[in-house]
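Student: To convert a position in the sequence shown, counted from 1, into the working numbering, add 1.
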Amino acid sequence: MKLKNNVSKLVLITVITSFFLACSLTKRVDDDERLLMENILLVNGKKETNENITQQIYQQPNSNILGYRLRLQMYNMAKVNPDSTYQAWLDRHPKNERFLTNFLSAKQVDRLGTSFFVSGLGRTLKNLGEAPVIYDNERTKKSAIRLKNHYFNQGYFNTKVSYALDSLKTKKITAKYTVNTDKPYYYDSIATIIQSQELDTLFAKNKRAALIKKGDQYNSKKLDEERDRITTYFRNNGAYDFQKTYITYEIDTLQNNYTANIVLNIDNKNIKEGDTLRAEPFKLYKISQVNVFTSNTSSTETSITDSVQYKNINIYSKGPLSYKPKTLKNAIFIDKDGYFSDMRRLITSRSLSNLKVFNYPTIEYIPDSRDSLGKSLIANITLNPKKRFTFNPSIDLNHSNIQDFGIEGNIGFVFRNLFKGAEILDIGFRGNIGSSASKYRNDQNTFFDILEYGADIKLTFPRFLFFSNQIDKIIDRTSFPNTALSIGFFNQQNIGLDKQNLTGVFNYSWSYKRRNTISLDVFNLQFVRNMNPGNYFKVYRSSYNTLNTISDNVTTNPSYLDENGNLTIADGGADAFISDVLAGNTNANANQYNSVRSISERKQRLTENNLILASNIVYTYSNRFNIKDQEFFIFKTKIESAGNLLNAIAKSSTDNYDVTGKKRTVLDVAYSQYFKGELDFIKYFDLGNKNVLALRAFGGIAIPFGNSNYIPFSRSYFAGGSNDNRAWQSYRLGPGRSGGINDFNEANMKLAFNVEYRFNVSGPWNMAIFADAGNIWNTLDNETDERMTFNGLKSLQDIALGTGLGIRYDFSFFVIRCDLGFKTYNPANEKDRQWFKEWNLSKTVLNVGINYPF
Numbered sequence: 002m003k004l005k006n007n008v009s010k011l012v013l014i015t016v017i018t019s020f021f022l023a024c025s026l027t028k029r030v031d032d033d034e035r036l037l038m039e040n041i042l043l044v045n046g047k048k049e050t051n052e053n054i055t056q057q058i059y060q061q062p063n064s065n066i067l068g069y070r071l072r073l074q075m076y077n078m079a080k081v082n083p084d085s086t087y088q089a090w091l092d093r094h095p096k097n098e099r100f101l102t103n104f105l106s107a108k109q110v111d112r113l114g115t116s117f118f119v120s121g122l123g124r125t126l127k128n129l130g131e132a133p134v135i136y137d138n139e140r141t142k143k144s145a146i147r148l149k150n151h152y153f154n155q156g157y158f159n160t161k162v163s164y165a166l167d168s169l170k171t172k173k174i175t176a177k178y179t180v181n182t183d184k185p186y187y188y189d190s191i192a193t194i195i196q197s198q199e200l201d202t203l204f205a206k207n208k209r210a211a212l213i214k215k216g217d218q219y220n221s222k223k224l225d226e227e228r229d230r231i232t233t234y235f236r237n238n239g240a241y242d243f244q245k246t247y248i249t250y251e252i253d254t255l256q257n258n259y260t261a262n263i264v265l266n267i268d269n270k271n272i273k274e275g276d277t278l279r280a281e282p283f284k285l286y287k288i289s290q291v292n293v294f295t296s297n298t299s300s301t302e303t304s305i306t307d308s309v310q311y312k313n314i315n316i317y318s319k320g321p322l323s324y325k326p327k328t329l330k331n332a333i334f335i336d337k338d339g340y341f342s343d344m345r346r347l348i349t350s351r352s353l354s355n356l357k358v359f360n361y362p363t364i365e366y367i368p369d370s371r372d373s374l375g376k377s378l379i380a381n382i383t384l385n386p387k388k389r390f391t392f393n394p395s396i397d398l399n400h401s402n403i404q405d406f407g408i409e410g411n412i413g414f415v416f417r418n419l420f421k422g423a424e425i426l427d428i429g430f431r432g433n434i435g436s437s438a439s440k441y442r443n444d445q446n447t448f449f450d451i452l453e454y455g456a457d458i459k460l461t462f463p464r465f466l467f468f469s470n471q472i473d474k475i476i477d478r479t480s481f482p483n484t485a486l487s488i489g490f491f492n493q494q495n496i497g498l499d500k501q502n503l504t505g506v507f508n509y510s511w512s513y514k515r516r517n518t519i520s521l522d523v524f525n526l527q528f529v530r531n532m533n534p535g536n537y538f539k540v541y542r543s544s545y546n547t548l549n550t551i552s553d554n555v556t557t558n559p560s561y562l563d564e565n566g567n568l569t570i571a572d573g574g575a576d577a578f579i580s581d582v583l584a585g586n587t588n589a590n591a592n593q594y595n596s597v598r599s600i601s602e603r604k605q606r607l608t609e610n611n612l613i614l615a616s617n618i619v620y621t622y623s624n625r626f627n628i629k630d631q632e633f634f635i636f637k638t639k640i641e642s643a644g645n646l647l648n649a650i651a652k653s654s655t656d657n658y659d660v661t662g663k664k665r666t667v668l669d670v671a672y673s674q675y676f677k678g679e680l681d682f683i684k685y686f687d688l689g690n691k692n693v694l695a696l697r698a699f700g701g702i703a704i705p706f707g708n709s710n711y712i713p714f715s716r717s718y719f720a721g722g723s724n725d726n727r728a729w730q731s732y733r734l735g736p737g738r739s740g741g742i743n744d745f746n747e748a749n750m751k752l753a754f755n756v757e758y759r760f761n762v763s764g765p766w767n768m769a770i771f772a773d774a775g776n777i778w779n780t781l782d783n784e785t786d787e788r789m790t791f792n793g794l795k796s797l798q799d800i801a802l803g804t805g806l807g808i809r810y811d812f813s814f815f816v817i818r819c820d821l822g823f824k825t826y827n828p829a830n831e832k833d834r835q836w837f838k839e840w841n842l843s844k845t846v847l848n849v850g851i852n853y854p855f
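#1: Roughly how many whole angstroms lie between the Cα atoms of N648 and L460?
#2: Could you check what DSSP says for G535 in three-state terms: helix, strand or coil?
#3: Which class does L22 belong to by DSSP, given the choice of helix, strand or coil?
#4: Compute the Euclidean distance between the alpha carbons of A819 and D405, then round it to the nearest angstrom.
#5: By alpha-carbon positions, which one of N645, R515, Y186 ends up nearest to F706?
#6: At the level of alpha carbons, what is the spacing between P362 and R345?
#7: Kindly indicate the opening and closing residues of the beta strand (DSSP E) around S623.
#8: Buried or exposed: which applies to L680, given that a residue is buried once 16 or more other Cβ atoms fall within 10 Å of its Cβ?
#9: Return yes when at least one heavy atom of the ligand ZN lies under 7 Å from the C-beta of L71, else no.
#10: R603 lies in the alpha helix (DSSP H); which residues open and close that run?
#11: I believe A695 touches F682 by the beta-carbon criterion, under 8 Å. Please report the beta-carbon distance rounded to the nearest angstrom.
#12: Can you tell me whether DSSP reads F745 as helix, strand or coil?
#13: Taking a contact to mean a Cβ-Cβ separation below 8 Å, would you say N749 touches S673 in this structure?
#14: Are the segment 611-625 and the segment 513-527 in contact at 8 Å, needing three or more beta carbon pairs?
#15: Give the straight-line distance between the Cα atoms of L203 and I335, rounded to the nearest whole angstrom.
#16: Got a sec? Which residues, its chain only, sit under 6 Å from R70 by beta carbon, not counting five neighbours each side?
#17: Could you give the first and the last residue of the continuous alpha helix (DSSP H) run that contains T55?
#18: Per DSSP, what kind of secondary structure is D477 in: helix, strand or coil?
#19: Identify whether M38 lies in helix, strand or coil by the three-state DSSP scheme.
#20: Hey, quick one: how far does the beta strand (DSSP E) through Q61 stretch, first residue to last?
#21: Excluding sequence positions up to five away, which residues of its chain have a Cβ less than 6 Å from the Cβ of P185?
#22: To the nearest whole angstrom, what separates the beta carbons of K700 and D799, a pair I think is in contact under 8 Å?
#23: If you reduce the DSSP assignment to three classes, tell me which class F406 lands in.
#24: Strictly by DSSP, which residues pair up with V881?
#25: Counting C-beta neighbours from all protein chains within 10 Å, is the total for W778 16 or more, i.e. buried, or is it exposed?
#26: Is it buried or exposed for P1, if we count other Cβ within 10 angstroms and need 16 for buried?
#27: Quick check: what's the CA-CA separation for E139 versus I628?
#28: Could you pull out every residue in the same chain whose Cβ sits closer than 7 Å to the Cβ of I252, ignoring the five residues on either side in sequence?
#29: State the start and end residues of the unbroken alpha helix (DSSP H) segment that holds F204.
#30: Name the one or two DSSP bridge partners that P705 has.
#31: For Y286, which residues does DSSP report across the bridge?
#32: Can you tell which of V162, T160, K161, K177 has its C-alpha closest to the C-alpha of S168?
#33: Nearest to S354 by CA position, among K337, N181, L329, K637, is which residue?
#34: Just verifying my parser: in three-state terms, what is the DSSP assignment at Q471?
#35: If you run the structure through DSSP and keep just helix, strand and coil, what is L526?
#36: Identify, in the order they occur along the chain, each residue of the same chain with its Cβ nearer than 6 Å to the Cβ of A145, setting aside the five sequence neighbours on each side.
What follows is the structure, given as structure tokens:
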């Protein structure tokens, strides 16, 4: 049977491959046309493949995937005029036309020719496909000129470009470009002529920062960047009306010794008076007055009824002022008596927007008519407040391995400018009713037997609370500091172990130099209470099944079993059996004893209440310029420590141990103590033509100590899922080579490596080929099973590998993706079955997600 299936697959692949290969690339190319197959670019005798240079050629061959021109073939498969073919069919079959006309109507029969049933497939193939690139000699000539200009701008002034054509194959052509650059030119001398005295003095102060220096190779892009640098420097130091166009260059290469003399000219300002222009030296402007208009008012409106002056800024309001002057002042970086600065305007705009109580502000400068020298500006800042209160309801349908169907509702309230200091209060309520899966169901008579509900409250301040004087000395206002205080409560009924979850966070966050962000949880409190630990074996069925199998093979008290010979859960048979095995009251062998002990320890860990009081800091660096940037990297690291403060409190008493007498408690709950560290690195390579290579590496470890010998479930790691190793479902990979024997597999150490090649198919449609590697392990905790533990470098052979492909649709503001993951290397299998034995459709994992996995 297996051989038969393999033969069928081979035949199918052969037929499909033969079909595509049989389609001629030149099917849609006329006899007097040539399909452009390849551009060959030789620069100084060597083949050039740098995309920045090859893209200077206007005509590019049809795209290919691993050498195969899939999109061209798709285009060729489409009918040229499907509506004409349809009409010809009607003409050949008049009876069919009469029948359709009587059954539908003449108008509908005509429309049928443009319907999806007749021409839809052809339109789809054309839209997804790519029309043949027909060689154009005029564009080739322009490409040669463009190549020459490209090298000229690099300093190769004597560049010569020629091209030749190879059209030996029918209807196909290859264009070959030959470039000889000769030697480049270098700067021999650089002189400056600045007409305005104030600009000349200012330029001299920053001359060492120049981007062009004597001895550098000529580069027109560098010259333009120098113009940008000078313009930015001038406009950040008072030159309000200066523009880049006032900077020009004179280049002298008459010496003909591959050197160029550069003269940088900065002209005076041109002022138009009627039909004539006159030149006037530039001035450096200072700010004479800073006005802030709240309530979206302006200085010309008579409705302004309230105003206040605070630390050199004037604040105006229509009606009573709704904002503390200090809050507005702290967000404004335009200083009275300071020089005009584009940078300060930008930072002020970002800072005011970052308060999240205003829409994007308007900042304008007008000359101050009171200054006889004409060197003063008035800065007017107009604010457009957001609604003080907003209400955000939502409803979703959900599904999980525990819940067959659920309806989730969320209600959010946002209160802005709560205490007139741009504080924001977020209050959210959430609830869910659901129908549990049959194997977890207790009540067979009620469809919606699951209930979840919770609430969250978060108060955000646009500044540092507490110790602000000390912190402000270290972190300045341009870092946009925030303080967030939040608490949350969540309750579950008839789902899992019926958890109650209480959280509280005191967080500082700030950024600097735009690319660096830091988040500091001074306190991160979590209390988890399991209200129904007796339901453990109904939820974690794999543990129960293993325990049941062992009970079948050892002497077991009959009172522990039901009428089917299975260990009872509600009546405590399973728990009693565990106690007997661990007490030595059965004939279990060593392996069976260890398995039962492992089940008991896992049950204790997952059913006990957790008290976690942690502090953590997260540092993130990203050099991504904007959302469209596809050449960047992100580095993120996290350090967390838990339980030290609670441990100090607990040690003040001597009678605060749990029932085992081994763990200290606070408020009768054993607290967790651990140290956690994580590193996360993401790198994108822009390969051009909407092709991107994305890499990710992650490593994390949580080490228990003191009052703990394992990590709480909520702070552990898991593997698998749509954002991890896509060949395994969430929580189904690991630990180590154990094979995911538990229902929810987690551990305290994780390694993950991902690589993904993304490419465009057509328009918003994209595809990806990916490989995901990684696993989780237990280490430095109470786990003793060698299959699950990390034992040095030899455990790296437990890293699982998944490969696959995916298709994505880009909506611009988000991406929907479907990824198929194949288990390529499964460390849980026997040695001879680890590679490619599960690389088939029956073992495929389908992942549906929003946005990219990393």
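Cβ coordinates follow ideal geometry from the N, Cα and C atoms, glycine included.
Tutor: Inspection of the coordinates gives the following:
#1: 29 Å
#2: Assignment of G535 by DSSP, reduced to helix, strand and coil, places it in the helix class.
#3: Confidence is the limiting factor: at L22 the pLDDT is only 49, short of 50, which leaves the residue's position unreliable, though a coordinate-based value still follows. DSSP places L22 in helix when its eight states are reduced to three.
#4: With the sequence shown as reference, residue 819 is identified as Cys, and Ala is not the correct amino acid for it. Taking the straight line joining both Cα atoms gives about 22 Å.
#5: N645
#6: 14 Å
#7: 611-623
#8: If you draw a 10 Å sphere on the C-beta of L680, you find fewer than 16 other C-beta atoms in it, and that means exposed.
#9: Of the ligands one can find in the structure shown there are none, so the ligand ZN has no counterpart to examine.
#10: 591-608
#11: Not confirmed; about 12 Å, so no contact.
#12: coil
#13: No, they are not a contact pair.
#14: yes
#15: 20 Å
#16: Closer than 6 Å at the Cβ level, and outside the excluded window around R70, lie N63.
#17: 52-55
#18: coil
#19: strand
#20: Element bounds for Q61: n/a, residue is neither H nor E.
#21: Result list for P185: G156, Y157, Q218, in chain order.
#22: Going by the sequence as given, residue 700 is Gly instead of Lys. The Cβ separation is near 15 Å, so there is no contact.
#23: strand
#24: Look at the range of the chain in this structure, 2 to 855, and you will see that residue 881 is not part of it.
#25: buried
#26: Because the chain is modelled from 2 through 855, residue 1 falls outside the range shown and cannot be assessed.
#27: 37 Å
#28: A261, I263
#29: 198-206
#30: Partner(s): Y675.
#31: In the DSSP output, where bridge partners are listed per residue, Y286 has none listed.
#32: Of V162, T160, K161, K177, the residue nearest in Cα terms is K177.
#33: For the residues K337, N181, L329, K637, the minimum Cα distance to S354 belongs to L329.
#34: helix
#35: The three-state secondary structure of L526, taken from DSSP, is strand.
#36: V162, Y164
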